[in-house]
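>
Residue numbers (my numbering), protein chains in the order written: chain A, 1 to 544; chain B, 545 to 1088.
1) Taking the continuous beta strand (DSSP E) assigned at residue 1012 of chain B, which residues delimit it?
2) So, with DSSP's three-state summary, where would you put residue 501 of chain A?
3) Can you pull the DSSP bridge partners for residue 242 of chain A?
4) Can you find a C-beta in chain A that's less than 8 Å from the C-beta of residue 979 of chain B?
5) Is any beta-carbon of chain B found at less than 8 Å from that of residue 408 of chain A?
6) Residue 681 of chain B: beta carbon under 7 Å from a heavy atom of the ligand FAD?
7) Using 8 Å as the limit for Cβ to Cβ distance, is residue 843 of chain B near chain A?
8) So is residue 846 of chain B in contact with chain A if we call contact Cβ pairs under 8 Å?
9) Could you name the residues of the region 799-826 of chain B whose beta carbon sits closer than 8 Å to any beta carbon of chain A, in the order they occur along the chain?
10) If you compare alpha carbons, which of A:462, A:453 and A:511 is closest to residue 427 of chain A?
11) Would the region 314-321 of chain A and the region 353-366 of chain A be scored as touching if the rule is three or more Cβ pairs under 8 Å?
12) Which residues, in chain order, does the region 893-918 of chain B contribute to contact with chain A at a C-beta distance below 9 Å?
13) On a Cα-Cα basis, can you pick out the residue from A:283, A:510, A:154 and A:535 that is closest to residue 346 of chain A?
14) Does the distance from the CB of residue 444 of chain A to the CB of residue 458 of chain A come in under 8 Å?
15) Ignoring anything shorter than 3 residues or poking outside the region 51-101 of chain A, list the beta strand (DSSP E) runs there in chain order.
16) Nearest to residue 1014 of chain B by alpha carbon, out of B:773, B:647 and B:729?
17) With a threshold of 8 Å between beta-carbons, can residue 249 of chain A be considered close to chain B, or not?
18) Applying a beta-carbon distance threshold of less than 7 Å, which residues of chain A neighbour residue 721 of chain B?
19) Thinking C-alpha only, which one of A:407, A:337, A:433 and A:453 is nearest residue 474 of chain A?
20) For residue 257 of chain A and residue 451 of chain A, I'd like the C-alpha separation in whole angstroms.
21) Excluding the 5 residues preceding and the 5 following residue 808 of chain B in the sequence, name in chain order all residues of the same chain whose CB lies nearer than 6 Å to its CB.
22) Just to confirm, is the Cβ distance from residue 930 of chain B to residue 685 of chain B under 8 Å?
23) Using 8 Å as the limit for Cβ to Cβ distance, is residue 1001 of chain B near chain A?
24) Quick check on the burial criterion: 16 or more other C-beta atoms within 10 angstroms. Buried or exposed for residue 804 of chain B?
25) Just to confirm before moving on: does the CB-CB distance between residue 705 of chain B and residue 670 of chain B stay below 8 Å?
26) If you follow the alpha helix (DSSP H) that residue 159 of chain A is in, where does it begin and where does it stop?
27) Leaving out five residues on either side along the sequence, give the residues of the same chain with a beta carbon under 6 Å from the beta carbon of residue 105 of chain A.
28) I need the DSSP call for residue 766 of chain B, collapsed to helix, strand or coil.
29) By a C-beta neighbour count over all protein chains shown, 10 Å radius and 16 as the cutoff for buried, is residue 713 of chain B buried or exposed?
30) So, does the region 571-581 of chain B touch the region 631-649 of chain B, judging by three or more C-beta pairs under 8 Å?
31) DSSP three-state call for residue 1146 of chain B: helix, strand or coil?
32) Using a Cβ-Cβ distance under 8 Å, would residue 944 of chain B count as near chain A?
33) Tell me which residue opens and which closes the beta strand (DSSP E) that residue 740 of chain B is part of.
34) Could you tell me how far apart the beta carbons of residue 767 of chain B and residue 797 of chain B are, in whole angstroms, since I believe they sit closer than 8 Å?
35) Where does the unbroken alpha helix (DSSP H) through residue 535 of chain A begin, and where does it stop?
36) Mind checking if residue 516 of chain A is an interface residue toward chain B, Cβ cutoff 8 Å exclusive?
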């Protein structure tokens, strides 16, 4: 007789809770969950733990390499903060305190013995989205039926990070199917937003987003095929990068549709600083991942400037602003963030601003959502129904209620691929001498639960395979970000998005923006954002 | 009533002949076709024409840029030699004398007026395989049913070459379906080998191979998805490169299965020198083709050395030799060429030779030939049968007699793609510190007509997406290259190949070798080959 899905879910939760309970010193139960979880750690953790967990990962690797901070101390601080984050926002599938502390101890001993770090991430605790295979552990991709799948080896990225000296100490939640811009599963329910529990943390790397937003991690591994790194990074007020495809290793993900290459999933960082983004990228690319994974392009991470500066350090930059994709109009706080940044950029010498005219973003969605599930979604349906677990609302939305999901023939796939390529070529021509595009990450701040239905602001760049960087800007202020009255929605999607915006419901939610570059301009994107941050000061609000 | 296919074929031939007849001064008919066509031009063309057409393309662009040679003179010389090649080896679909001479005149005038060339290929005549779209002209991919398809714009590569100053003067033959390692179609029959008309020129870029072999072109555009650049280059004693995918533009090819990306076709050069290979690659990549065609990787053509040398110019190189792929044993002249080169390389300081153990090359063929036609070959069948033309024997061989051709479902394609990736990863691990692999281009010299059934020595590198460079080495000498007696074939393919080798039949055929690199090591490959050429002197025989 098959095991009821509820039994498996309960087992998963019990396992998670057992791992959390191993943390020392133990943490109090939070009986009255606050709307805004972000201040809670300050009341519970030690000053040293707060200092460690709120440090920039670049500073942490520096302290760890010099031995001024031990990996055991760093790891334990992150273990405790992560455990606390779990109690507050429900972002963890399992904590790995024993293995992590043992590893941290090994690294501390190594440093003492050899007088030098083992690699560029020596001693740094790193968080990992569940479906990234970790040897000997379940990898279920959010499907109850897959709970007994156990990884027989590490994903490629984990081996590189381990060789670089990382400590793996926590695995994070993901939604059923991995194809939501939220994080809700029948294993663990919903992962909620650190700043407002009525809102989603985003997804599908929403466990990472919430954990990093809570500073229970400073550097985590996410994956993105339609916005899954960027939506949680943006919703939780942290940094995230969806790199260009074929730069970072993706071998060793547990997911449906493996072998599909029309729309390539990518791995990328969710982290607390731009330095964290760079550290993640450079560590992986310097490890020459193309030897084990030959689909990757063997080109180095470029450290030389991608935008030349004059003698005074002034860069000549043309930044295009996409205010609105022409399909779904962003909520007022998003537009305010764009306006404020644009105003400040106008005062920066060397920067030229232009408007980016959206080009067929609705058609782009038709293409990408036709290519996502060219088997008609049958793998997802099988994986869901295998255990008898119910369909989560957003699984229904993207799979069964999505008019673009069809069982395609081989020629159909080729035709959509050609349309994709034509669209990419047309879009490429729009750039002219524009360096980067600044735009929303979604049609609003973190959505209410089960309402994240519009992917266009992120999936657009997956279709085009452009790198896209998320940076936190400000927070929703209901007094300023009032709803637009008498707005006439353009279409059903626009109406849906417009109608659920009531400023009070989104109070305190992070507002982030997205910087987009041409294919393989990953380095340039980070460099430009560093320059913008330095020039105008970002974010405008504190998130810890 | 549909037009009989024979009528269309006749029309195509008449058109071709009409364009050939425009050449001035006109050429004599060759009534008694010789076995070896290669010496014929010396008896018919002027000394100036011979000097021009037998020049290295690098020297030609230099003379053209300085004005010491006019483009009109160069173009007319190549027009005449190409016309003659057509009469001898049947390699042309149409000559473009009027347009080419008008263009050459324009370029000569431009140089006079501006005192500088228009681009890096100023005035250089370039030949083009038929299925590369040329605006306003038929592009039929070898299918009679497609003869009325007319290109509405140039293929991307032609626009780049035109902007660089090239003169397009001739279009060359290809086989029915483009999926033969020979060049036989119902339009024009067989393109034959310049050195022995009983042998094939190779294919599918066999028109290019034969034309360049005859020196009716010094630089031509071929395409390769299983050996289609390398087989003709090798069979005709010239140079060819199958570059890594996504480096050169491929937008604008007329072919079946467009949109298929599991095995990516590439464009590459067929040319009379290594300098020609480099000129082709650098010109295209310097033009930043990734703007119009965003699937290409935006990485420059590297001009800095890829293999460091010591102060005395000695390079430390590890070269692995693949003597035999373990599936089909190469004919004696191939093994002799490898042995001779290996012997000489042993004497070169800094070079280490090792043997390359073949790894599942038979399985590699299963994977690639399963992925070639995942629609079960239905597009090819439709295209052939649309006109009523008969199936050519090698179309039958690769499509209907091939046990790996099946109508696959979406999941099947994904599974084969995963197998492809696993195989690529396994093969990548074999390299260690090997720099390049030296190996046969096929299981013998140019095959007898309709017998080129073994693709493994070239398709292996398509599956792995490795760059592969063809260099001419020597010619078959029936007195030396005697057949092996009492050989016991390993399998049916091996038996087939073994049994048709009778040295006398292959007399005078070019023997070439293939140098293979890791993915994206295109520059390194050329650099290593230049170094080998300089070190041991290649080819060992003259081909003109």
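Cβ atoms here follow ideal geometry from the backbone N, Cα and C, with glycine treated the same way.
According to the structure shown:
1) Residues 1012-1019.
2) Coil at residue 501 of chain A, not helix or strand.
3) Note: residue 242 of chain A sits in a beta bridge opposite A:468.
4) Residue 979 of chain B does not count as touching chain A.
5) Interface residue, yes.
6) With respect to the ligand FAD, the structure offers nothing, as it holds no ligand at all.
7) Judged by the 8 Å Cβ criterion, residue 843 of chain B is in contact with chain A.
8) Chain A contact via Cβ: absent.
9) Answer set for the region 799-826 of chain B: 801, 802, 803, 804, 805 and 806.
10) It is A:462 whose Cα lies nearest to the Cα of residue 427 of chain A.
11) Taking 8 Å as the limit for Cβ pairs, the verdict is that the region 353-366 of chain A does touch the region 314-321 of chain A.
12) If the cut-off is 9 Å between Cβ atoms, the region 893-918 of chain B has 918 near chain A.
13) For the residues A:283, A:510, A:154 and A:535, the minimum Cα distance to residue 346 of chain A belongs to A:535.
14) Their beta carbons are not under 8 Å apart, which means residue 444 of chain A does not touch residue 458 of chain A by this criterion.
15) The region 51-101 of chain A contains these whole beta strand (DSSP E) runs: 92-95.
16) Among B:773, B:647 and B:729, the Cα nearest to that of residue 1014 of chain B belongs to B:773.
17) With 8 Å as the cut-off, residue 249 of chain A does not count as an interface residue toward chain B.
18) Going along chain A, no residue has its Cβ under 7 Å from residue 721 of chain B, so there is no contact; the nearest lies around 17 Å.
19) Comparing Cα-Cα distances from residue 474 of chain A to each of A:407, A:337, A:433 and A:453, the minimum goes to A:337.
20) Roughly 25 Å separates the two Cα atoms.
21) Only 789 meet the Cβ criterion.
22) Not closer than 8 Å, so no.
23) For residue 1001 of chain B, no Cβ of chain A is located within less than 8 Å of the residue's own Cβ.
24) Answer is buried; the Cβ neighbour count reaches 16.
25) In this structure, residue 705 of chain B places its C-beta atom within 8 Å of the C-beta atom of residue 670 of chain B.
26) From DSSP, the alpha helix (DSSP H) with residue 159 of chain A extends over 156-163.
27) Closer than 6 Å at the Cβ level, and outside the excluded window around residue 105 of chain A, lie 72.
28) Three-state DSSP puts residue 766 of chain B in a strand.
29) It is buried - the Cβ of residue 713 of chain B has at least 16 other Cβ atoms within 10 Å.
30) Yes, they touch.
31) An answer regarding residue 1146 of chain B cannot be provided, because it is not within the stretch 545 to 1088 covered by chain B.
32) Not closer than 8 Å to any Cβ of chain A, the Cβ of residue 944 of chain B fails to qualify, so no.
33) 740-744 is the span of the beta strand (DSSP E), which, as asked, contains residue 740 of chain B.
34) Confirmed, about 6 Å.
35) First-last of the alpha helix (DSSP H) with residue 535 of chain A: 522-536.
36) Interface annotation, residue 516 of chain A: not in contact with chain B, CB-CB separation never under 8 Å.
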